[in-house]
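This report concerns only the one structure given below.
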Amino acid sequence: MLFAMDSALSEVELLKASGRRELVAARGDESTRSITFDGRSLTVVVTLTPAPDGAVRLDGWIAPPAAHSVELRTPGGLLTVRADERGRFVFDRVERGMVQLLVHDGGTMVTPSIVV
Numbered sequence: 000m001l002f003a004m005d006s007a008l009s010e011v012e013l014l015k016a017s018g019r020r021e022l023v024a025a026r027g028d029e030s031t032r033s034i035t036f037d038g039r040s041l042t043v044v045v046t047l048t049p050a051p052d053g054a055v056r057l058d059g060w061i062a063p064p065a066a067h068s069v070e071l072r073t074p075g076g077l078l079t080v081r082a083d084e085r086g087r088f089v090f091d092r093v094e095r096g097m098v099q100l101l102v103h104d105g106g107t108m109v110t111p112s113i114v115v
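In terms of numbering that gives the first Met the number 0, the sequence shown has 72 at position 73, counting the first letter as 1, and numbering is strictly consecutive.
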C-alpha cells in the first residue's frame, strides 16, 4: 500500500532516512529497530518495539526539542499525538503494515513510508 500525498500538503519537507539500527530482543525472536530521519530544520528518531499482541510501540524524539503535533498515517487510519516540550512522543499501539510520520511545526515534515 502506498500513501498518496494530500493536496493540502503541497509544501512539505521530506525527511530522509539517515540511519537504521536493529537490537535483538532478549528472547532473540524479534528485534527493536531505531530509525533516524533528517531534514533541514529538524531530526526525528523513532524506535519500534514489538508488542506481545503483534502490534508495535513507536517511541519518537524530535530535535531540536519542541511540542509539535505528530501524525502517523497507518493502513487503519490517522493517529495523532503531541510531542512534549522535550520533543518526545509515543504511539502505544500501531498495527503492523506501512506507516508514515508527519510532524507539524508551522510547516509540515514527512518521512518516507516504512514497514512496521
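Heads up, the beta-carbon is just placed ideally off N, CA and C, and yes, glycines get one too.
Since we're looking at a predicted model, the values are computed, not measured.
Length-filtered (3 minimum) beta strand (DSSP E) runs lying within the segment 78 to 105
Qualifying beta strand (DSSP E) stretches, in chain order: 87 to 93, 97 to 103.
Taking 8 Å as the threshold, find out whether the segment 50 to 63 comes into contact with the segment 90 to 100 through three or more Cβ pairs.
Per the Cβ contact rule, the segment 50 to 63 is in contact with the segment 90 to 100 (3 or more Cβ pairs under 8 Å).
If you draw a straight line from the C-alpha of R92 to the C-alpha of V45, how long is it?
Start at 1 with the first residue of the sequence shown, and residue 92 comes out as number 93. Start at 1 with the first residue of the sequence shown, and residue 45 comes out as number 46. Approximately 14 Å, taken between the alpha carbons.
Whole angstroms is fine: what's the gap from I34's alpha carbon to G105's?
One-based indexing of the sequence shown puts residue 34 at position 35. One-based indexing of the sequence shown puts residue 105 at position 106. Whole-angstrom Cα-Cα distance: 24 Å.
So, A65 versus A82, is the Cβ gap smaller than 8 Å?
Here residue 65 is taken as the residue at index 66 of the sequence shown, counted from 1. Here residue 82 is taken as the residue at index 83 of the sequence shown, counted from 1. The answer is yes: Cβ separation under 8 Å.
Quick check on the burial criterion: 16 or more other C-beta atoms within 10 angstroms. Buried or exposed for G86?
Taking the first residue of the sequence shown as 1, we reach residue 86 at position 87. It counts as buried.
Hey, quick one: how far does the beta strand (DSSP E) through S30 stretch, first residue to last?
To locate residue 30, count along the sequence shown from 1; it is residue 31. Note, S30: beta strand (DSSP E), 30 to 37.
Let's test the definition: count the other Cβ atoms within 10 Å of the Cβ of L77 and tell me whether it reaches 16, buried, or not, exposed.
Start at 1 with the first residue of the sequence shown, and residue 77 comes out as number 78. It is exposed - the Cβ of L77 has fewer than 16 other Cβ atoms within 10 Å.
Can you tell me whether DSSP reads T110 as helix, strand or coil?
To locate residue 110, count along the sequence shown from 1; it is residue 111. For T110, the three-state secondary structure derived from DSSP is coil.
Three-way DSSP call (helix, strand, coil) for V115 in this model:
Taking the sequence shown and counting its residues from 1, one reaches residue 115 at position 116. In the structure shown, V115 sits in coil (DSSP, three-state: anything other than H, G, I, E or B).
Can you tell me whether DSSP reads D58 as helix, strand or coil?
The residue given as residue 58 occupies position 59 in the sequence shown. D58: strand per DSSP, three-state reduction.
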